[in-house]
Ligand SMILES: Nc1ncnc2c1ncn2[C@@H]1O[C@H](COP(=O)(O)OP(=O)(O)O)[C@@H](O)[C@H]1O
Ligand SMILES: [Mg+2]
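Spelled out as structure tokens, the structure:
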């Protein structure tokens, strides 16, 4: 297994170098300094900003420097806008993002797999049809409806009528080990809405995968051996279905870190998604460059993780 | 074969229908036969004639929602009617008393579990052995099916084995609980000719060793000649002829059987070994079965009666012995001529 992982990592190094090259080149097509402080700034002001970021040096040198910083995880450059080191911005925005996306992903996946297994188990029955109808219905409703209704019935209405303010939709306060209740206040409602939002699509997808697996020849063999229907579904079929399920989960993994931009925006949560959008809007060059480099790394790591998980589930992958 | 020998499986009037988009089709129509302990019974016929549906009806492996096994059908096994038995009863029988192997060894095994695990599973369901006992038994079974490097194979996955080896694994799984009957549905069709012969030899040997009856389903009469004691010929969901292999091969009564026999490639023409037997014309669609004999369109001896009346399956015992179940034909004009008319008069089907 380790040589396999090492090989995958090795393959991806040139990919990552290429991505950084392209990102850095793109960010320099229009002079980032002019874009930030505007045409009317004096040449001295511009030059000072340029020197502070090393933007006046040859591109190859900038590329090498930046790569070195990425490898050593040195994000000490300061944001032009916030005047804080990029590293500290990254660190403070990653926790809010993960506090929403990780619970949401875990809950959605577990619930969707459970429902889809049950639906596939009784496929064709009324229960199955009702569940799938519900899934399609859930998928077809606009995200805004969930957000608005969620905020109204989850936060506003209980507070106005019952005087209970369990959930808040603004005024995010950091979650620490000593203030875990902040998670309930600020993150739980976005998590619930995200789960409701994505569960329909995931359930339908997983059900289709499981139903297809259930028609395979090995299922007949298992029944002919004397296996019970639950054994067939929850052991034989499930393990095979894990292959497409893992792919599906892994594709969504990078969003764990990039954060749910929508939820962060509507609930005023300073996560990575919102931070990056703000940085782009204010042309905050150091933040944009560092965030893209980090996101690219995350995509590559999740890709490798996907391959490793495949290898764990599917013996056919292991040898090749 | 001693007449006193009792059948271990009695199929009577098995009729299996499917609900389809185009209506209900009868894929297996009033099929009756016996399986005697320790014998090899062949079921032959062209593709689509209902061989697989017959065997899956016995094992109750057909999709429950679209399959209707006629309530009058009886599949008697040790006093239980498998046609109407519940899932719990079927589970006890499947894999333990009646086992089955399939046509496609490449897909019949679960790709994500080891060979050892898949053998172990069957033993877990049907024996009281503990895990080390089961592993010992699994290894023993792999050795029995002459699996090279058996010990190592236990921890390998199906994709690491060739088609022939996978079929050996399937046989090992099927026989690990020493079933009374092994139903093999085209077990060698997907394999190379040389591997085919090896697998058939293996099944022959194991049948003797374990005293298991084999129901061998095939469209290849060459295979039947090699290993079967008796044979049933099916056509469009019906049995059209049955009898001891020797009789069927030397004096076929039904024109279809004779056509099948003529389509066997002569030995020496090995290249044609895997071709399906070809007989002129096509099998009638199950949706548009003719009123009379189902083989009429392709039969060179067709008469008006064949078009008007479907023949019954009647005894044609060589000695004309009444009630001998072992030699039957469904034809108004059996090829040997003589023995048919008295039988017809006896049962009085003629209008
Ligand atoms: N699940 C099913 N639903 C509808 N028709 C079926 C089903 N299974 C088999 N059949 C039909 O029953 C007939 C017999 O099929 P089968 O027993 O598989 O033939 P074979 O003799 O080649 O094994 C075919 O016409 C086939 O199309
Ligand atoms: Mg078949």
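Residue numbers (the numbering used here), protein chains in the order written: chain C, 4 to 323; chain S, 1244 to 1594.
Each residue gets a CB set at the ideal place from its N, CA and C atoms; glycine is no exception.
On a predicted model such as this, the values are computed, not experimentally measured, just so you know.
With a cutoff of 8 Å on beta-carbon distance, residue 1460(S) and residue 1429(S) are scored as near each other.
Counting along the chain, no alpha helix (DSSP H) covers residue 1484(S); the unbroken beta strand (DSSP E) around it starts and ends at 1481-1487.
8 Å or more divides the Cβ of residue 1433(S) from the Cβ of residue 1330(S).
Only those residues of the stretch 1385-1403 of chain S whose C-beta falls short of 8 Å from the nearest C-beta of chain C are listed: 1400, 1402 and 1403. Secondary structure of residue 163(C) (DSSP, three-state): helix. Nearest C-alpha to residue 1424(S) among 282(C), 227(C) and 124(C): 227(C).
Residue contact check for residue 1453(S) against chain C: no CB pair falls below 8 Å.
When rounded, the separation of the alpha-carbon atoms in residue 211(C) and residue 252(C) is 15 Å.
Under the 10 Å beta carbon count, residue 64(C) is surrounded by fewer than 16 other beta carbons and is classified as exposed.
Take the alpha-carbon of residue 1538(S) and the one of residue 134(C): they are about 48 Å apart. In the three-state reduction of the DSSP assignment, residue 35(C) falls in the helix class. Of all residues in the stretch 190-220 of chain C, the ones placed with a Cβ closer than 7 Å to any Cβ belonging to chain S are 219 and 220, in chain order.
Here the alpha carbons of residue 318(C) and residue 162(C) stand approximately 54 Å from one another. Separation of residue 1370(S) and residue 1363(S) (C-alpha to C-alpha, rounded to the nearest whole angstrom) is 10 Å. In this structure, DSSP gives residue 1453(S) a helical state, which the three-state scheme calls helix. Under DSSP, residue 116(C) forms no beta bridge with any residue. Against chain S, the CB of residue 11(C) has no partner CB under 8 Å away; the residue lies outside that interface.
In the DSSP assignment, residue 1349(S) falls within the unbroken alpha helix (DSSP H) covering 1348-1351. Closer than 8 Å to the CB of residue 1339(S) there is at least one CB belonging to chain C.
Counting along the chain, the unbroken alpha helix (DSSP H) around residue 281(C) starts and ends at 275-284. DSSP lists 1485(S) and 1558(S) as the beta-bridge partner residues of residue 1571(S). DSSP places residue 1430(S) outside both helix and strand once states are collapsed to three, so it counts as coil. By the C-beta density criterion, residue 1551(S) is exposed, having fewer than 16 other C-beta atoms within 10 angstroms. Checking the DSSP bridge columns, you'll see residue 1461(S) partnered with 1287(S). Taken atom to atom, the span from the alpha-carbon of residue 1556(S) to that of residue 1320(S) is near 23 Å. Going by DSSP, residue 1318(S) is part of no alpha helix (DSSP H) but of the beta strand (DSSP E) stretching over 1317-1320.
A direct Cα-Cα distance of roughly 29 Å separates residue 118(C) from residue 1367(S).
Under the 8 Å criterion on CB atoms, residue 290(C) is classed as non-interfacial with respect to chain S. Around residue 24(C), the same chain offers 66 as residues with beta carbons nearer than 7 Å, after the five sequence neighbours per side are excluded. Taking 7 Å as the cut-off, the C-beta of residue 1427(S) does not count as close to any heavy atom of ligand 1. For residue 316(C), the nearest CB of chain S lies under 8 Å from its own CB, placing it at the interface with that chain.
Within the same chain, 1473 come within 6 Å of residue 1487(S) by CB-CB distance, once the 5 residues on both sides are set aside.
Residue 283(C) is not a Cβ neighbour of residue 264(C), given a cutoff of 8 Å. Annotated three-state conformation of residue 185(C) is helix, per DSSP.
Straight through space, the alpha carbons of residue 231(C) and residue 1382(S) are spaced by roughly 25 Å. If you compare the alpha carbons of 107(C), 143(C) and 309(C) with that of residue 197(C), the shortest gap goes to 107(C).
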